[in-house]
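J.: Protein chains in written order, with the UniProt record's numbering: chain Z, 1 to 144; chain P, 1 to 144. Mind looking over this structure? Questions follow.
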DNA sequence: CACATTTATTTCAAGTTTAAAATTTCAGCA
DNA sequence: TGCTGAAATTTTAAACTTGAAATAAATGTG
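Below, the structure written as structure tokens:
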């Protein structure tokens, strides 16, 4: 157990702590101010980024969650008319999921507030920190 | 929506991506090689760090999860004899949770392998990166 | 002391998440 | 064509997680 490996472990624990704290904060924020949840927000954000729609598999890969999970969250959003499933014409196994106009409109309001909340959450980090962090994260991601 | 706020959002999304990818990797690792899960590992790690035992509230604060969640995971670990609940003598509302000798022994094996896995997962980060990251994380944590 | 408030924990319902199994469809090939 | 294996999605069971309600016990205040 080298010293370096212990330091990697500590850095990971710290990273996890910051992430969990921020997620808890954002979850509470979405619940209180927008009556929604983090997983729903994540799905809507992914669909907003890919307005033309994505397949269920693409969606679960984007969010790094299992297929079954994506199915469950999309089911609920579809039930509320925020999201629409369209069977693919080319491949009958495939389904395209996309935001409905209602869903897109709702997400735009959500996204602006979410961005503002993230901004205050990480207010302590300046441009230099953000560059450095982005760089480190980019290199860390390579292995996983 | 300032440029800086957009950069904070991007940094957060990147942070979340790395954390999720690493968690998925470690979850898979614990499942395949040790037949256990991340939440169980987290509880055992917290109890190993505080060998004398902690209250349920301390435990949920340490892990940043709800009380009900801590109760559920501790219930399962207790059922398997890895963890023990002891009613407090001073305050009858309070319960002390601690690893059993079996639990402590099992965790020691788990922890060594876990550390090694984290080490390979973040092998791309050197000492300098780790220092910088730790510093940034420490400052980021202040707000949440 | 009596009562209201706070604190610690558990219970509960609903939602989230995973991994594995089941279904359906597609693609390649003998 | 008919078969085999791969791919996309859903379903299922079990575990995890939250937030709120319920319990129980301690604390503080009149």
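The beta carbon of each residue, even a glycine, is placed where N, CA and C say it ideally should be. Just so we're clear, the structure is a prediction, and the values are computed from it rather than from any experiment.
In whole angstroms, what separates the C-alpha of residue 105 of chain Z from that of residue 56 of chain Z?
T.: Near 22 Å, if we compare the C-alpha coordinates of residue 56 of chain Z and residue 105 of chain Z.
J.: Is there a C-beta anywhere in chain Z that falls below 8 Å from the one on residue 57 of chain P?
T.: Taking Cβ atoms only, chain Z never reaches closer than 8 Å to residue 57 of chain P, which makes this a no.
J.: Decide if residue 129 of chain Z is buried, meaning its Cβ has at least 16 other Cβ atoms within 10 Å, or exposed.
T.: It counts as buried.
J.: If you follow the alpha helix (DSSP H) that residue 8 of chain Z is part of, which residue opens it and which one closes it?
T.: From DSSP, the alpha helix (DSSP H) with residue 8 of chain Z extends over 3-34.
J.: Residue 99 of chain Z by DSSP, collapsed to three states: which one?
T.: Three-state result, residue 99 of chain Z: strand.
J.: For the putative contact between residue 11 of chain P and residue 122 of chain Z, defined by C-beta atoms under 8 Å, what is the C-beta separation to the nearest angstrom?
T.: Right, their Cβ atoms sit about 7 Å apart.
J.: Can you look up residue 84 of chain P in the DSSP assignment and give me helix, strand or coil?
T.: Strand, per DSSP.
J.: Return the chain-ordered list of same chain residues with a C-beta closer than 6 Å to the C-beta of residue 143 of chain P, the five sequence neighbours on each side being excluded.
T.: Since pLDDT at residue 143 of chain P reaches only 49, below the 50 mark, its modelled position is unreliable, and the value read off the structure follows with that caveat. Closer than 6 Å at the Cβ level, and outside the excluded window around residue 143 of chain P, lies no residue.
J.: Would you be able to state if there are at least three C-beta pairs under 8 Å between the segment 29-49 of chain P and the segment 29-41 of chain Z?
T.: No, the segment 29-41 of chain Z is not in contact with the segment 29-49 of chain P.
J.: With a threshold of 16 other CB atoms inside 10 Å of the CB of residue 60 of chain Z, please say whether the residue is buried or exposed.
T.: Buried is the call here.
J.: Please classify residue 157 of chain P: does DSSP put it in a helix, a strand, or coil?
T.: Because chain P spans 1 through 144 in this model, residue 157 of chain P falls outside it and cannot be assessed.
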